[in-house]
């Protein structure tokens, strides 16, 4: 058996049964490689033991960079590089800088976050042929993939039984060579 | 485990299941273009070509082709700009603000509404470029290093704020929309073969639906919604400041930001209503865009229309109460001057017509909803025209009072944006999933009226 190439797939057809199933399978000591779902299932990430994403923190940092850079650039341009008297407002009219500072903050926070999301999840147009365990997981089925190489202590027959008992409607083997 | 609300009617009717959602939505993308679509596309392309000729000639010859004069320096151009930007706001409102408020009825209409936002903002940007006269110098609006001793743009100007607001709004809307499209493109990819599979594979960015990716996806959606909500409010606030920071009577009012934002949502929902009422019939999506959705949108149209009505009355009251003679004159001129008919059109279309929606029977009437959605958009166009033109046409010096008469090119450039908008929307409706499949599937169990337990 080649390492990391052989999987057992438990196919579920209901998100609530899937959630219970994930708890049961993990309780039985099985290492779940990944679960593929057609839509976001609430609570699935915590059930699988994933931590909440740090992307909001990243977004906040990008936003702060936007705030500071926009404000300091405007202060430097109108306050120091070329000071001008515009309507008697003074050289550094802070209230007038608020709209652009806000817009630039949002600009960097939003684009920075999405770009980071694409990088960490490896989502790019050139990945147009991703390896799918089961194409139905983009339609209406929930697919739990179990890597045999990471569960060598459990027999295959036993794994199949655990999946069936957890509510999987199908149990398939998949060679990912 | 079937959870159905005893009070609320289902959001998706017809006993649909997740696989039905996939089939119903992908059918449009996978099928051959229908005759209706081809005819609509043909008309849009002809309009676009005619408009492109007018726009090209305008840029070649200069702004003298428009009906502007030295008294009325802004007219149809800025009217159309504000009109299109306002229309765009409904998409962001539906996808961002309704997401934060957990309004699940948004799932069936958010995709198309966001697409409408993007195309509408692009149309608005066309007028920004067109009214510059020399669009090849558009980058002068940005603070770029230059050979004039680094003469920077004036950050005190609301017009410069607008450059930042519109460009941020456009790009963030595109990204928000596209991130939501990725999982649905993956669904189409897995059903496709050959070249189509490669194209939709590229569009789907290799999405596989991992639980980890969904977790991140949800985080991104929530933060983008949180960012877009103040953004959309700021954009129309800044658009209103283009007027409010000036000292022209009729423009120089603090009521403008909330008044403009309410008006934007009002016209935007009317446009969503127009497009959705057509789409649901042509694509047979009555089970997804139900009477409940249409009624909900009509309620928002009623609310925002009434806010706009109160704003009109408040403006008049303040003009009288402030005792400022110029302000008073402007408002009397607005209602009873040479543009009284535009004012009357605005009042009847925006304030009176939505009041029909107080009645449940009328809110759920498709024909009336369709007619009123168009009436509202006509009214909102007149609102911007009234604000812009009637504040300018009779200025401080009676010898320079003037009227504005649109020329062939005023109409032509407006036609260009219609051609552009509908061409883009038709392409979207044919080749992209018009309803957010992944999001609709999340509510199918709780709100599809599907009594059969899994």
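Chains as they are written, first to last, in the numbering used here: chain H, 75 to 251; chain S, 38 to 491. Think of the CB as a built atom: it goes at the ideal place given N, C-alpha and C, for glycine as much as any other residue.
*My understanding is that residue 248 of chain S touches residue 214 of chain H, with C-beta atoms under 8 angstroms, so please give their C-beta distance in whole angstroms.*
Your numbering for residue 248 of chain S matches position 211 in the second chain. Your numbering for residue 214 of chain H matches position 140 in the first chain. With 8 angstroms as the limit, residue 248 of chain S and residue 214 of chain H do not qualify as a contact, their Cβ atoms being about 16 angstroms apart.
*Interface positions of the stretch 240 to 266 of chain S facing chain H (Cβ-Cβ less than 7 angstroms), listed along the chain*: Answer in chain order: 242, 243, 244, 245, 246, 247, 248, 249, 250, 251, 252, 253, 254, 255, 256, 257, 260, 261, 264.
*Determine the chain H residues that contact residue 180 of chain S at a beta-carbon separation under 9 angstroms, and present them in chain order.*
Working through the second chain from its first residue, we reach residue 180 of chain S at position 143. Going along chain H in sequence order, the residues near residue 180 of chain S (Cβ under 9 angstroms) are 147, 148, 151.
*Based on the DSSP secondary-structure assignment, which residues constitute the bridge partners of residue 248 of chain H?*
In the first chain, counting from the first residue as 1, residue 248 of chain H sits at position 174. DSSP, once it has assigned bridges, lists H:81 as partnering residue 248 of chain H.
_As assigned by DSSP and simplified to three states, the class of residue 214 of chain H_ = Mapped onto the first chain, residue 214 of chain H falls at position 140. Coil at residue 214 of chain H, not helix or strand.
*Simplified DSSP state of residue 215 of chain S, which is helix, strand or coil*: Indexing the second chain from 1 puts residue 215 of chain S at position 178. Reduced to three states, the DSSP call for residue 215 of chain S is helix.
*May I ask you to list the residues that DSSP assigns as paired with residue 109 of chain H?*
By one-based count along the first chain, residue 109 of chain H stands at place 35. According to DSSP, which records beta bridges pairwise, residue 109 of chain H is partnered with H:218.
_Min CB distance residue 472 of chain S to chain H below 7 angstroms_ = Stepping through the second chain from its first residue, residue 472 of chain S is reached at position 435. It does not: the Cβ of residue 472 of chain S has no partner Cβ on chain H nearer than 7 angstroms.
*Starting from the beta carbon of residue 212 of chain S, find every residue of chain H whose beta carbon is closer than 8 angstroms, and list them in chain order.*
Start at 1 with the first residue of the second chain, and residue 212 of chain S comes out as number 175. Around residue 212 of chain S, the beta-carbon contacts reaching into chain H at under 8 angstroms are 184, 185, 188.
*asked:* Let's see if you can read the secondary structure: which residues bound the alpha helix (DSSP H) around residue 231 of chain H?
replied: Within the first chain, residue 231 of chain H is the residue found at index 157, counting from 1. Run containing residue 231 of chain H: 230 to 239, per the alpha helix (DSSP H) assignment.
_Would you say residue 275 of chain S lies against chain H (beta-carbon separation less than 7 angstroms)?_
If you number the second chain from 1, residue 275 of chain S lands on position 238. Yes, residue 275 of chain S counts as interfacial toward chain H.
*Near residue 335 of chain S, what residues of its chain come up, given a Cβ to Cβ distance below 7 angstroms and the 5 sequence neighbours on each side ignored?*
For the purposes of this step, residue 335 of chain S is identified with residue 298 of the second chain, where counting begins at 1. Counting only Cβ-Cβ distances below 7 angstroms, and skipping sequence neighbours, we find 394, 400, 406.
*When DSSP labels each residue in this structure, what does residue 101 of chain H get in the three-state scheme?*
Residue numbering aside, residue 101 of chain H sits at position 27 when the first chain is read from its first letter. When secondary structure is reduced to three states using DSSP, residue 101 of chain H falls in the helix class.
*Identify, in the order they occur along the chain, each residue of the same chain with its Cβ nearer than 8 angstroms to the Cβ of residue 134 of chain H, setting aside the five sequence neighbours on each side.*
Taking the first chain and counting its residues from 1, one reaches residue 134 of chain H at position 60. Hits under 8 angstroms: 183.
*Is the stretch 302 to 314 of chain S touching the stretch 406 to 423 of chain S, taking contact as three or more C-beta pairs under 8 angstroms?*
The answer is yes - the stretch 406 to 423 of chain S touches the stretch 302 to 314 of chain S, with three or more Cβ pairs under 8 angstroms.
*If the cut is a Cβ gap below 7 angstroms, which residues of chain S does residue 109 of chain H touch?*
Taking the first chain and counting its residues from 1, the one referred to as residue 109 of chain H is at position 35. 248, listed in chain order.
*Quick one: using the 10 Å Cβ neighbour count with 16 as the cut-off for buried, is residue 296 of chain S buried or exposed?*
Counted from its first residue, the second chain places residue 296 of chain S at position 259. Flag for residue 296 of chain S reads buried.
*Nearest-angstrom Cα distance between residue 489 of chain S and residue 116 of chain H?*
Counting from 1 along the second chain, the entry for residue 489 of chain S is found at position 452. Counting from 1 along the first chain, the entry for residue 116 of chain H is found at position 42. Here residue 489 of chain S scores only 47 on pLDDT, less than 50, and its place in the model should not be relied on; the value that follows carries that caveat. Residue 489 of chain S and residue 116 of chain H have their C-alpha atoms spaced approximately 22 angstroms apart.
*Between which two residues does the alpha helix (DSSP H) carrying residue 446 of chain S extend?*
As a working mapping, residue 446 of chain S is identified with position 409 in the second chain. Unbroken alpha helix (DSSP H) run through residue 446 of chain S: 445 to 468.
_DSSP-derived helix/strand/coil call for residue 192 of chain S_ = In the second chain, the residue the question calls residue 192 of chain S occupies position 155. Reduced to three states, the DSSP call for residue 192 of chain S is coil.
*So, does the CB of residue 59 of chain S fall closer than 7 angstroms to a CB anywhere in chain H?*
By 1-based counting over the second chain, the position of residue 59 of chain S is 22. Yes - at least one Cβ of chain H is within 7 angstroms of the one on residue 59 of chain S.
_Integer Cβ distance of residue 174 of chain H from residue 198 of chain S, believed to fall under 8 angstroms_ = The residue you call residue 174 of chain H lines up with position 100 of the first chain. The residue you call residue 198 of chain S lines up with position 161 of the second chain. Rounded, the Cβ-Cβ distance is 6 angstroms, consistent with contact.
*asked:* So if I threshold CB-CB distances at 9 angstroms, which residues from the stretch 182 to 197 of chain S count as touching chain H?
replied: Flagged, chain order: 186, 187, 188, 189, 190, 191, 192, 193, 194, 195, 197.
_For the pair the stretch 97 to 104 of chain H and the stretch 227 to 245 of chain H, tell me if three or more CB-CB distances fall below 8 angstroms._
Here the stretch 97 to 104 of chain H makes contact with the stretch 227 to 245 of chain H; the two share three or more CB pairs at distances below 8 angstroms.
*Look at residue 246 of chain S and residue 111 of chain H and say whether their C-beta atoms are less than 7 angstroms apart.*
By one-based count along the second chain, residue 246 of chain S stands at place 209. By one-based count along the first chain, residue 111 of chain H stands at place 37. Yes, the Cβ-Cβ distance between residue 246 of chain S and residue 111 of chain H is below 7 angstroms.
*residue 308 of chain S versus residue 464 of chain S - alpha carbon distance*: Residue numbering aside, residue 308 of chain S sits at position 271 when the second chain is read from its first letter. Residue numbering aside, residue 464 of chain S sits at position 427 when the second chain is read from its first letter. Between residue 308 of chain S and residue 464 of chain S, the C-alpha separation is close to 18 angstroms.
_Less than 7 angstroms between CB atoms is the rule here; does residue 240 of chain H satisfy it with respect to chain S?_
Within the first chain, numbered from 1, the residue matching residue 240 of chain H stands at position 166. So no, residue 240 of chain H is outside the interface.
*So with Cβ pairs under 7 angstroms, would you call residue 180 of chain H a contact of chain S?*
If you number the first chain from 1, residue 180 of chain H lands on position 106. Yes, contact with chain S.
*Tell me whether residue 119 of chain H is buried or exposed, calling it buried when 16 or more other Cβ atoms sit within 10 Å of its Cβ.*
Taking the first chain and counting its residues from 1, one reaches residue 119 of chain H at position 45. Classification for residue 119 of chain H: buried.
*Where are the alpha helix (DSSP H) runs, 4 residues long or more, that stay fully inside the stretch 316 to 385 of chain S, in chain order?*
You should have 328 to 359, 362 to 373, 377 to 384.
*Can you tell me the Cβ-Cβ gap for residue 172 of chain S and residue 96 of chain S, rounded? I've got them flagged as a contact below 8 angstroms.*
Position 135 of the second chain, counted from the first residue, corresponds to residue 172 of chain S. Position 59 of the second chain, counted from the first residue, corresponds to residue 96 of chain S. Contact holds; Cβ gap of about 6 angstroms.
*Please list the partners that residue 54 of chain S has in chain H, where partner means a Cβ-to-Cβ separation under 8 angstroms.*
Your numbering for residue 54 of chain S matches position 17 in the second chain. Chain H residues near residue 54 of chain S: 214.
*Would you decide whether residue 53 of chain S is buried or exposed? Buried here means 16 or more other CB atoms lie within 10 Å of its CB.*
As a working mapping, residue 53 of chain S is identified with position 16 in the second chain. Looking at its Cβ environment, which holds 16 or more other Cβ atoms inside 10 Å, residue 53 of chain S is buried.
*Residue ranges of each alpha helix (DSSP H) within the stretch 122 to 190 of chain H, 4 or longer*: Within the stretch 122 to 190 of chain H, complete alpha helix (DSSP H) segments of at least 4 residues are found at 129 to 148, given in chain order.
*asked:* Between the alpha carbons of residue 79 of chain S and residue 451 of chain S, how many angstroms are there, rounded?
replied: Mapped onto the second chain, residue 79 of chain S falls at position 42. Mapped onto the second chain, residue 451 of chain S falls at position 414. Spanning the two alpha carbons is a distance of roughly 18 angstroms.
*Residue-chain proximity (residue 206 of chain H, chain S), Cβ-Cβ < 7 angstroms*: Within the first chain, residue 206 of chain H is the residue found at index 132, counting from 1. Yes, because at least one Cβ of chain S sits closer than 7 angstroms to the Cβ of residue 206 of chain H.
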